[in-house]
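Here's the structure we're looking at; comments come further down.
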Amino acid sequence: MRVPADYHMHTPLCRHAAGEPIEYAAQAVKLGFDEIGFSDHSPMPQDDFDDWRMRDADLDLYVEKVRHAQRAFPNLTIKLALEVDYLPGQEQWIRHLTARHPWDYLIGSVHYVSDSWAIDNPLMLSTWKSRDPFEVWTAYFERLTLAAESGLFDIIGHTDLCKRFCFYPTQDCAALYDRFLEAAGRHGVAIEINTAGLRKDCREIYPSPAILERAAKHGVRITFGSDAHAPAEVGLNFAEAVALARSNGYTHCCRFTQRRCQTVPI
Ligand SMILES: [Zn+2]
Ligand SMILES: [Zn+2]
Numbered sequence: 000m001r002v003p004a005d006y007h008m009h010t011p012l013c014r015h016a017a018g019e020p021i022e023y024a025a026q027a028v029k030l031g032f033d034e035i036g037f038s039d040h041s042p043m044p045q046d047d048f049d050d051w052r053m054r055d056a057d058l059d060l061y062v063e064k065v066r067h068a069q070r071a072f073p074n075l076t077i078k079l080a081l082e083v084d085y086l087p088g089q090e091q092w093i094r095h096l097t098a099r100h101p102w103d104y105l106i107g108s109v110h111y112v113s114d115s116w117a118i119d120n121p122l123m124l125s126t127w128k129s130r131d132p133f134e135v136w137t138a139y140f141e142r143l144t145l146a147a148e149s150g151l152f153d154i155i156g157h158t159d160l161c162k163r164f165c166f167y168p169t170q171d172c173a174a175l176y177d178r179f180l181e182a183a184g185r186h187g188v189a190i191e192i193n194t195a196g197l198r199k200d201c202r203e204i205y206p207s208p209a210i211l212e213r214a215a216k217h218g219v220r221i222t223f224g225s226d227a228h229a230p231a232e233v234g235l236n237f238a239e240a241v242a243l244a245r246s247n248g249y250t251h252c253c254r255f256t257q258r259r260c261q262t263v264p265i
């Protein structure tokens, strides 16, 4: 069995990950991967927006670190990518980032449901306690839908990140999921099966089986990602991720080169 490419891994430039790209690549080779992709947190227009992403001045260094890994591991395909925060109003900035290097793909992720609250930030956990989960999930999926419709991204990251700390709504969220997935299907944007959820409080892959089942019905394509923030996390729980995809009828996943998608069997 071919291991699907791990398309979601970080570098120390985002200030909360450990290990150089060559160490992630060495681990991937050890595990039998033939393709991986780096997708570190992209800079914001203001470096002080938060403290868990690369600074604008480090973008070229990031690209150089990935190129270094490509040279060091010529038999491993290493894609150059970014995980870009989607915030409404930042489309121009994202286009500017897109033009600066020849990215293989861009992952659009929603971490912020407002300019000041990243819902997955443990330091902001108390904010959840004063909010209605359904209201937050609604805002989260509305932004995810806008991200899918923006035409800026190839892949949407961790599509139910809002479950990370287990603040689950009691209401039915199917309509929120369907609106997003219909947009992703219509715009040809893939979603990732991200195993980092297994390492968080929610103890579940992003997205949930309920979302992935609906994604398959909407014809939404998939990629796989460990969201590794350390070399030891590369490819973690991929067997489980592949089993989840297969059980929902998926037979193929996407690989990207210079933002062009090719589907390969899983
Ligand atoms: Zn993320
Ligand atoms: Zn990430």
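Position 222 of the sequence shown, counting from 1, maps to 221 under numbering that gives the first Met the number 0, and the rest follow consecutively.
Glycine residues also receive a C-beta, built at the ideal position from the N, C-alpha and C atoms.
- Closer than 6 Å to some heavy atom of ligand 1: that does not describe the Cβ of Ser225.
- For Trp136, the closest of Ala183, Val109, Ala4, Phe237 by C-alpha to C-alpha distance is Val109.
- In the three-state scheme derived from DSSP, where H, G and I count as helix and E and B as strand, Gln89 is classed as coil.
- At the C-beta level, Glu191 and Gly224 come within 7 Å of one another.
- Closer than 6 Å to some heavy atom of ligand 2: that does not describe the Cβ of Glu148.
- Straight-line measurement puts the Cα of Asp131 at about 31 Å from the Cα of Ala16.
- About 6 Å separates the beta carbon of Gly36 from that of Ala4, a gap short enough to meet the 8 Å contact definition.
- DSSP lists Pro264 as the beta-bridge partner residues of His251.
- The alpha carbon of Val219 has as its nearest neighbour, out of Cys260, Tyr111, Ser125, Thr10, the alpha carbon of Cys260.
- Cβ-Cβ distances below 7 Å link Leu124 to Phe164 in the same chain, with the five nearest sequence neighbours on each side left out; the list follows chain order.
- In summary, Arg185 is exposed, with fewer than 16 beta-carbon neighbours lying within 10 Å of its beta-carbon over all protein chains present.
- Taking C-beta separations shorter than 8 Å and ignoring five residues to either side along the sequence, the partners of Pro42 in its chain run Arg52, Met53, Arg54, Asp55, Asp57, Leu58, Leu96, following chain order.
- Assignment of Arg245 by DSSP, reduced to helix, strand and coil, places it in the helix class.
- Its chain contains Pro101, Asp103 as the residues whose beta carbon lies nearer than 7 Å to that of Gln257, once the 5 sequence neighbours on both sides are disregarded; these appear in chain order.
- Of all alpha-carbon atoms in Leu235, His251, Lys162, Tyr249, the one lying nearest the alpha-carbon of Leu30 is that of Leu235.
- Measuring C-alpha to C-alpha distances from Thr250 to each of Pro230, His228, Asp226, Thr222 identifies Thr222 as the nearest.
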